[in-house]
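Have a look at the structure below, then the notes.
In this note's numbering, the protein residues as written are 12 to 67.
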């Protein structure tokens with residue numbers, strides 16, 4: 012690989028990484044199985060109490 016191509020490749024890679032950091036992530040953060048189970052238990056305990064409404 013010639014020197015000019017190699018330098019351009021490195022600069023493009025660096026610019027792409029910088030651009031990726033600025034843009035928001037499209038995927039949600041990964042949550043492991045134990046954390047999901049813990050969150051599920053907490054959500055189950057904190058069930059909001061609502062009064063029943065009459066539907067006609």
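The beta-carbon is built from N, C-alpha and C at its ideal position, and this holds for glycine as well.
query, result
"Backbone CA spacing between residue 40 and residue 14 [nearest angstrom]", "39 Å"
"Distance between residue 33 and residue 10 (C-alpha atoms, nearest Å)", "For residue 10 there is no data in the structure shown, the boundaries of the chain being 12 and 67."
"As assigned by DSSP and simplified to three states, the class of residue 28", "helix"
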